[in-house]
Amino acid sequence: MSLHLQRRTRAVDALAAAGIDMLVAGRQDHINYITGAHQLWTAGARPFGPVCTLHVATGEIFLLSTWDEGVPDDIDLDHLHGITWNGAIIYQRLAANPGMAAAQRVGVDAWSPGMAGLLSAVAPNAEIVPADDILLRARRTKLPSEVDAIRAACAVAAEAVEAALAHPGTDAQRLAAGVEAMALAGSSTPAAEPRVHGPIVDFSCIRFHYEGGLGRTAGGAPSEARPHAALIAACVPGATGHDLRQAAPDGDWLIRGSGMGFEPPVINPHYGKSEVLEEHMVLSVSASTSEEYARDTVLVTESTPEILSSEEP
Amino acid sequence: MSKPLTGTLELDVGRLRRERYAKLQAQMAADGLDVLVLLHGPHVAYATDCLPIAADATHVSANRPVAVVLADQFQPCLLGGDPDGLDVDAHPAVWPDIDEGAADLGAQLDAILGKTARGGRVGIDLMTGAMRRTGVLSAAHITDAANTMGAVKLHKTIDELACIHQAQARTNRAMATVQEALVPGVRRSELAAVFLRRLREEGIDANMIDVIFQPMARRMADGPRTTTGHLAFPTWWGDPVYAEGDLIWVDAGSDYHGYASDFGRTWVAGRPPNPGEQRCFERWLAVMDASYEAIVPGATFAEVCAAATAADAAHQPDGERPWMPHFYLVHGVGTESAEMPFLGTDDGPDFDAANTLEPGMVLVLEPAIWDDGTGGYRAEEIVAVTEDGWIPLGGGHPYDPFEVPA
């Protein structure tokens, strides 16, 4: 089964288990997870709107896209909705969606008063409930092909880190060199904002939906002595947020999910104390001391964590 | 009628902030709002001047700044973001996408809003799932902030025009270098690399869309299938290698001090345009001239669309309009790359007849000409509507390799 269909199965199972009849998704990462479609990357989060619907009982999907370029074959042209500026057309499409009128629970991945009014009109019997947590829970552990995609994205980000470390000049010039190298290596879309600040360099990219990234300090310690080394070693199945706090160095640190971009869990000095790590999670692990900053992308395995961004620098 | 730009469009950051905030307060009063709670990045930027980060949506939303505007308060509250140098009442960061962070946001909002949190009229633009799970603002009377924000953003202040002008001029200069790099055998990724580097060199941190260099199939039937039966544009999938004679539609947008540019041009790889391609360009110029002529305050959107349509009618036996049916003849630009006003959309003729151009609106004109089998021409130009006509923004950019007839 192709990767996007494996992912969709996970999402459908999780939504069904939560009693959701219909999903109305507006977040691009959720839409990418379920559909596998390659849609235009734009910076920043968009307002909430009905970009993709999923009828949980049948798996039927409607996707906002005027063309089938980048859309997997299992979503045919008659299940694509062209771009529209017309609220009445959006209403008609949602109202005509099989399963919408009878839905008891409509899951949404964000909410606005205007969209809530629209959804209440097209699904008059339904409770409009948040489903972002259900989807993110399904996405939390990664399939083998997802890990491969993340590893490939890390290799692209590593090219940017290497270029920015090697390039002479101002921070801005080195940042420009890093961004250029990343595009040449296969991604013109950043995940986090790229960072070059004196010796500190951090790049991440979205490549074919998946994020890879790493951060280094020029002239920093060998890998086993970097500020995040103990945190990485603590990323084992069953480790809690509390355990990870114990392993953290003095100074800033963050552990968070990494997959189709930034994902839960978020574990830092303030949040995530009761989170529990599981095998097959992929995490971005970063820490800094007064001398050094480092970040890597790490796969939680049954034994020692595997660093997916292991390419030197 | 075009007026040359008199004086310079220099950004005065203090004035930008003061004038936007005054407009926001006035609009809140008109809309009967006690509070605005804003999470959408461009809205936060409008209210506070905390500029959005040009990163992936998942990263931007994870610990997004939140703006809170209280009626009659002299400055906005900013939760998170970087308040350094801003005229804001700074509050700690929150993480509205996770339940613990949303609970923190709820507690901060209760403290900031005081009694207003109970029964006050609160305009909000977005709630995350975590905010709903943790009951943020559940005791307030919630309304959608979209209309309030739309109203203040529709007419630009002089400093907003300066930002758009700067964004466009810098994007234009970056694209001039990219065009020099377009030789047969070059890949899309190589052009993107040049563009992203040059933007940084122009002092622009924020690339807003994955830059489009779409090689156009000469016949629509050879391109992707569409819901409109018309062109597929913009598409970006894959890493095409350009061959001599490829017709490339270019689309890019970057951001200067929170305001977007919009670059559109048609390029031909490795050779001058052939006569058929040049004819498409000249039809496009005629549509632009007619559109410019129609842009005056008080003109309806429909009148501008009619002028553009009439200019190309002789080439349109089926009565098609000279722009792509899934888009528009004109869209606005500002803190978003496409915002009101929209002219010639599927909102239909009644909408276009009911709305008029007003001073301060910014218009991105993007007609597109298509001659199936030959190809087509598409480019974009930005103007601002003034008291008596319009002014161009961005300082202009050549149409090379096409020739503007004398």
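Line order of the protein sequences matches chains A and B. The opening residue of the first sequence carries number 1 in this note's numbering; numbering runs sequentially from there. The opening residue of the second sequence carries number 314 in this note's numbering; numbering runs sequentially from there. Every residue gets a Cβ at the ideal spot worked out from N, C-alpha and C, and that includes glycine. Treat the numbers as computed from the prediction; the structure is a model and nothing was measured.
Entirely within the stretch 438-499 of chain B and at least 3 residues each: give me those beta strand (DSSP E) ranges in chain order.
Counting only runs of 3 or more, we get 454-457.
In the stretch 455-469 of chain B, which residues sit with their C-beta less than 7 angstroms from some C-beta in chain A, listed in chain order?
Flagged, chain order: Ile-455, Thr-456, Asp-457, Ala-459.
Taking all protein chains shown into account, do 16 or more other C-beta atoms lie within 10 angstroms of the C-beta of Arg-532 (chain B), making it buried, or fewer, making it exposed?
Label assigned to Arg-532 (chain B): exposed.
Between the C-alpha atoms of Cys-205 (chain A) and Val-282 (chain A), what's the straight-line distance to the nearest angstrom?
Between the C-alpha atoms of Cys-205 (chain A) and Val-282 (chain A) there is a straight-line separation of about 15 angstroms.
To the nearest angstrom, report how far apart Ala-101 (chain A) and Ala-339 (chain B) are at their CA atoms.
Cα to Cα, Ala-101 (chain A) sits roughly 40 angstroms from Ala-339 (chain B).
Note down the Cα distance separating Val-435 (chain B) from Pro-113 (chain A), rounded to an integer number of angstroms.
Distance between the alpha carbons of Val-435 (chain B) and Pro-113 (chain A): 11 angstroms.
Contact between the stretch 164-182 of chain A and the stretch 109-126 of chain A: three or more CB pairs below 8 angstroms?
Output reads no: the stretch 109-126 of chain A does not touch the stretch 164-182 of chain A.
Nearest-angstrom Cα distance between Met-674 (chain B) and His-468 (chain B)?
Cα atoms of Met-674 (chain B) and His-468 (chain B): separation of roughly 5 angstroms, rounded to the nearest angstrom.
Looking at the secondary structure, which residues open and close the beta strand (DSSP E) in which Thr-217 (chain A) lies?
Note, Thr-217 (chain A): beta strand (DSSP E), 210-217.
Count the other CB atoms, across all protein chains shown, that sit within 10 Å of the CB of Glu-557 (chain B); report buried if there are 16 or more and exposed otherwise.
Label assigned to Glu-557 (chain B): exposed.
Cβ-based neighbour list, Val-357 (chain B), same chain, cut-off 6 angstroms, excluding 5 preceding and 5 following
Counting only Cβ-Cβ distances below 6 angstroms, and skipping sequence neighbours, we find Leu-351, Cys-363, Pro-378, Ala-380.
Can you find a C-beta in chain A that's less than 8 angstroms from the C-beta of Ile-366 (chain B)?
Yes, Ile-366 (chain B) lies at the interface with chain A (some Cβ there is under 8 angstroms from its Cβ).
Inspect the beta-carbon positions of Gly-709 (chain B) and Thr-669 (chain B) and report whether they are closer than 8 angstroms.
No, the Cβ-Cβ distance between Gly-709 (chain B) and Thr-669 (chain B) is not below 8 angstroms.
For Phe-62 (chain A), which residues from the same chain have a beta carbon less than 8 angstroms from its beta carbon, with the 5 sequence-adjacent residues on both sides left out?
The answer, listed in chain order, is Cys-52, Thr-53, His-79, Leu-80, His-81, Arg-93, Asn-97.
Mark Gly-198 (chain A) as exposed unless 16 or more other C-beta atoms lie within 10 angstroms of its C-beta, in which case mark it buried.
So Gly-198 (chain A) counts as exposed.
Excluding the 5 residues preceding and the 5 following Leu-399 (chain B) in the sequence, name in chain order all residues of the same chain whose CB lies nearer than 7 angstroms to its CB.
Here the set comprises Thr-361, Asp-362, Cys-363, Leu-391.
Buried or exposed: which applies to Thr-58 (chain A), given that a residue is buried once 16 or more other Cβ atoms fall within 10 Å of its Cβ?
Under this definition Thr-58 (chain A) is an exposed residue.
Same chain, Cβ closer than 6 angstroms to Ser-223 (chain A), five either side skipped, listed in chain order:
For Ser-223 (chain A), same chain residues with a beta-carbon under 6 angstroms away, outside a window of 5 residues either side, do not exist.
Run the CB neighbour count on Asn-485 (chain B), radius 10 Å, all protein chains shown included, and call it buried at 16 or more, exposed below.
Asn-485 (chain B) is buried by the Cβ-count criterion.
Rounded separation between Gly-394 (chain B) and Gly-212 (chain A) - CA only
Each residue's alpha carbon lies about 24 angstroms from the other.
For Thr-539 (chain B), does the three-state DSSP call read helix, strand or coil?
Residue state, collapsed to three classes: strand.
Helix, strand or coil at Ser-223 (chain A) [DSSP, three-state]
Here DSSP, grouped into helix, strand and coil, assigns Ser-223 (chain A) to helix.
Rounded straight-line distance, which links the Cα of Thr-240 (chain A) to that of Val-698 (chain B)
The alpha-carbon atoms of Val-698 (chain B) and Thr-240 (chain A) are separated by roughly 58 angstroms.
Cα-Cα separation between Gly-427 (chain B) and His-30 (chain A), rounded to whole angstroms
Rounded to the nearest angstrom, the two C-alpha atoms are 36 angstroms apart.
By the 10 Å Cβ neighbour count, where 16 or more other Cβ atoms means buried, how is Gln-629 (chain B) classified, buried or exposed?
The residue in question, Gln-629 (chain B), is exposed, as its Cβ has fewer than 16 Cβ neighbours within 10 Å.
Report buried or exposed for Ser-288 (chain A), applying the criterion of at least 16 other Cβ atoms within 10 angstroms of its Cβ.
Ser-288 (chain A) should be labelled buried.
Determine the chain A residues that contact Arg-538 (chain B) at a beta-carbon separation under 8 angstroms, and present them in chain order.
What Arg-538 (chain B) touches in chain A: Trp-67, Asp-68, Leu-77.
Cross-chain neighbours of Gly-414 (chain B) in chain A, by beta carbon under 9 angstroms:
Within chain A, the residues near Gly-414 (chain B) are Val-266, His-270, Tyr-271.
Contact under 8 angstroms by Cβ, Pro-190 (chain A) with Ala-370 (chain B):
Contact: no.
For the stretch 475-490 of chain B against the stretch 562-575 of chain B, are there 3 or more C-beta pairs whose distance is under 8 angstroms?
Result yes; three or more Cβ-Cβ pairs closer than 8 angstroms.
Out of curiosity, what's the CA-to-CA distance linking Ala-458 (chain B) and Phe-655 (chain B)?
Rounded to the nearest whole angstrom, the CA to CA distance from Ala-458 (chain B) to Phe-655 (chain B) is 20 angstroms.
Bridge partners for Thr-297 (chain A) per DSSP, in chain order?
For Thr-297 (chain A), which the question treats as bridged, DSSP gives the partners A:Ser-284.
Go through its chain and collect everything with a Cβ distance to Gln-591 (chain B)'s Cβ below 8 angstroms, but skip five positions before and after it.
Cβ within range, chain order: Phe-715, Glu-716.
Verify whether the separation of the beta carbon atoms of Pro-537 (chain B) and Asp-68 (chain A) is less than 8 angstroms.
Taking 8 angstroms as the Cβ cut-off, Pro-537 (chain B) and Asp-68 (chain A) qualify as a contacting pair.
For His-242 (chain A) versus Val-285 (chain A), is the C-beta spacing smaller than 8 angstroms?
Contact: no.
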